[in-house]
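Input: a single structure, listed below in structure tokens.
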Ligand SMILES: [Mg+2]
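Here it is, written out as structure tokens:
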């Protein structure tokens with residue numbers, strides 16, 4: 214039985230993960246109206262543009278395609294993303310951006326949340342929560358840890374807990390501290406407390422040898438002591454697609470998700486019923502993809518792309534070749 218399962222996964226993988234060819238590039242350009250892009254690793258890498266990405270987006274826009282930016286980054290609000298995109302030359306309005314600071318607020322709105330949020334986060338998440346009128350505490354360094362000695366004081370924590378908090382929201386927080394972890398976990402253990410997190414990306418992209426922990430590392434610091442799993446609103450969860458689909462009346466079968474990670478971008482695209490393209494300008498290389506294709510795990514196969522290619526620029530360049 215396992216052999217049959219393995220064979221069928223391998224066969225499926227051969228059908229998927231095709232290298233983008235002139236024919237398939239033309240097929241995508243002819244049959245896709247909406248292009249959704251992960252940003253870091255696809256359009257830019259940190260502060261630097263990925264060669265050809267800007268030209269590709271401008272050309273797609275010129276031939277009437279809709280362009281969207283779907284990122285797990287919670288350190289920017291939609292307003293901040295528009296500023297960044299426009300500064301780099303990418304056409305964007307707030308309606309074209311889905312970032313996790315926004316999807317977290319959207320999720321709370323969708324469940325008609327009433328109450329107070331303990332935020333392990335940053336000013337961008339606070340900005341989106343403000344736009345939706347949500348009440349929150351916890352932004353910035355924790356007072357209990359200011360000048361704290363080497364000994365933590367649980368009694369001090371007890372006096373600082375807010376009885377009204379009924380939601381814990383975790384995103385990227387440069388001020389994460391032991392006291393914040395204690396508070397997040399303590400609140401999350403409360404009966405009926407909602408526990409959500411923006412995303413679980415383990416690392417932030419970095420060119421050098423420095424390891425930069427991503428939001429997933431911060432989420433782990435809160436969920437392990439809380440002994441429960443948060444609801445994740447970023448990719449691969451599909452929360453980000455629904456608002457765009459409604460606002461722009463998107464047909465999933467005529468929408469392409471372009472990303473540099475299978476576990477987030479491509480899994481998201483496949484769960485939403487979109488077409489998918491993996492590029493090797495970010496986290497994954499061709500050999501990483503080959504390894505994933507060898508997996509006998511069904512979940513891994515559910516995050517393999519329809520097409521893969523070296524760089525986004527291939528989409529236009531290949532389509533012109535015979
Ligand atoms: Mg990326």
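Residue numbers (this note's numbering): 214 to 535. Glycine is no exception: its CB is placed at the ideal position from the N, C-alpha and C atoms. In this text, all values refer to a predicted model and were calculated from it rather than measured experimentally.
| Item | Value |
| --- | --- |
| Quick one: which unbroken beta strand (DSSP E) runs of 3-plus residues sit fully inside the stretch 393–453? Chain order, please. | 407–410 |
| Please confirm if the stretch 426–446 is in contact with the stretch 459–466, defined as three or more CB-CB distances below 8 Å between the two stretches. | no |
| Taking 8 Å as the cut-off, is the CB of residue 254 close to at least one heavy atom of ligand 1? | yes |
| Give me the Cα-Cα distance between residue 519 and residue 475, rounded to the nearest whole angstrom. | 11 Å |
| Taking residue 471 as the reference, give the member of 530, 252 and 453 with the closest Cα. | 252 |
| Can you check the stretch 302–354 for any beta strand (DSSP E) of at least 3 residues that lies completely inside it and give the ranges in chain order? | 310–312, 329–333 and 348–350 |
| Evaluate residue 222 with the Cβ neighbour count: other Cβ atoms within 10 Å of its Cβ, from every protein chain shown; 16 or more gives buried, anything less gives exposed. | Unreliable placement is indicated for residue 222, whose pLDDT of 49 sits below 50; no coordinate value is reported for it. |
| For residue 452, which of 320, 524 and 413 has the nearest alpha-carbon? | 320 |
| Tell me, please, whether the stretch 384–395 touches the stretch 268–277 by the rule of three or more beta-carbon pairs shorter than 8 Å. | no |
| I believe residue 386 touches residue 329 by the beta-carbon criterion, under 8 Å. Please report the beta-carbon distance rounded to the nearest angstrom. | That pair is no contact at about 18 Å. |
| The alpha helix (DSSP H) with residue 516 in it runs from where to where? | Segment: none, residue 516 is in no alpha helix (DSSP H) and carries neither H nor E. |
| Who pairs with residue 247 in a beta bridge, going by DSSP? | 279 and 468 |
| Would the C-beta of residue 477 count as close to ligand 1, meaning under 8 Å from any of its heavy atoms? | yes |
| Based on the DSSP secondary-structure assignment, which residues constitute the bridge partners of residue 284? | 312 |
| Helix, strand or coil: which one does DSSP assign to residue 272? | helix |
| Give me whichever residues DSSP pairs with residue 240 in a beta bridge. | Looking at the DSSP assignment, residue 240 forms no beta bridge with any residue, so it has no partner. |
| Just curious, the beta strand (DSSP E) that residue 490 is in, first and last residue? | 488–492 |
| Do you know whose CA, among 438, 421, 313 and 280, lies nearest residue 412's CA? | 313 |
| Would you tell me roughly how many angstroms separate the C-alpha atoms of residue 516 and residue 346, rounded to the nearest one? | 36 Å |
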